[in-house]
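Chemist: The numbering of the sequence shown is the numbering used here, which starts it at 38 and goes up by one. All C-beta atoms in this analysis are idealised placements derived from N, C-alpha and C, irrespective of residue type, glycine included.
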Amino acid sequence: MQRTPLHLLAAALPLLVLASAASAHTGEGINTGFASGFWHPILGWDHVVAMVAVGLWGAFLGKPAIWILPIVFPLVMALGGAMGVVGVPLPAVETGIALSGVILGLLIAFAVKAPIWVAAVIVGIFAIFHGHAHGGELPEQFSAYGYAVGFVIGTGLLHLVGIALGFLTKSSVGTWAARGIGGAIALVGAAFLFGLA
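#1: Return the residue from the list Ile-105, Gly-70, Ala-148 and Gly-121 that minimises the CA-CA distance to Gly-217.
#2: I'd like to check one pair, Ser-73 with Gly-187: are the Cβ atoms closer than 8 Å?
#3: Please name the residue in Ile-79, Gly-232 and His-196 whose C-alpha comes closest to that of Ala-96.
#4: Assign Leu-106 to one of two classes, buried (16 or more other C-beta atoms within 10 Å of its C-beta) or exposed (fewer than that).
#5: Quick one: any contact between the segment 205-221 and the segment 120-133, if contact means 3 or more CB pairs under 8 Å?
#6: Is the beta carbon of Ile-222 sitting closer than 8 Å to the one on Ala-170?
#7: My understanding is that Gly-92 touches Gly-199, with C-beta atoms under 8 Å, so please give their C-beta distance in whole angstroms.
#8: Would you say Lys-150 faces chain C, with C-beta separation under 8 Å as the test?
#9: Mind checking Val-113: buried by the 16 CB within 10 Å criterion, or exposed?
#10: For Lys-207, does the three-state DSSP call read helix, strand or coil?
#11: Return the residue from the list His-84, Leu-98 and Trp-154 that minimises the CA-CA distance to Thr-206.
#12: Taking the alpha-carbon positions, what's the Phe-85 to Lys-150 distance?
#13: Please name the residue in Val-109, Ile-190, Leu-194 and Val-89 whose C-alpha comes closest to that of Ile-145.
#14: Exposed or buried, Thr-192, counting other C-beta atoms within 10 Å across all chains shown (16 or more means buried)?
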């Protein structure tokens with residue numbers, strides 16, 4: 038089997054997360070706005086499942102969704118992040134983040150083929166909650182710009198993992214595997230929603 042950059046990325050990202058998770062929780066190695074923003078989505082499982090789900094659902098829907106959804110999410114997330122930085126209130130941020138995993142996971146699990154504009158609206162709504170959480174948790178000592186660039190790049194990498202997993206849909210067995218991953222994402226989202234994680 039030929040190895041593509043997406044295959045390599047999908048294989049390497051979990052190793053990067055595991056290798057740095059221990060130092061991240063102590064604050065070691067996260068000493069810049071960029072690094073803090075980059076690791077924020079990668080080290081939070083509530084964020085990870087939603088970001089991977091966006092890429093996976095986009096791949097499941099096919100072109101042009103495979104590229105549009107992972108572009109819409111970080112663009113709208115940056116808007117939500119700016120809202121969080123300046124202190125614009127947004128109710129139920131954590132609930133919105135947890136629901137993003139539940140709903141996106143179920144959309145994948147049930148193979149929902151939404152029109153591209155509907156998919157973009159759904160993804161955009163959830164992106165506001167994720168962005169607001171990122172912006173609201175900006176460490177005071179770091180620049181908002183570096184932090185924002187970091188979390189957009191970290192988010193993009195997680196979308197790429199989802200897109201790579203989406204290549205499973207090239208076969209019928211792989212499609213069922215992708216739908217199973219969607220179900221697992223929904224369960225993780227539900228665990229966060231009900232305070233079990």
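Modeler: The structure says:
#1: Ala-148
#2: yes
#3: His-196
#4: buried
#5: no
#6: no
#7: 2 Å
#8: The structure shown contains no chain C; it is built from a single protein chain.
#9: buried
#10: In the structure shown, Lys-207 sits in a helix (DSSP, three-state: H, G or I).
#11: Leu-98
#12: First, the residue type needs correcting, since residue 85 is Val and not Phe in the sequence shown. The alpha-carbon atoms of Val-85 and Lys-150 are separated by roughly 23 Å.
#13: Val-89
#14: buried
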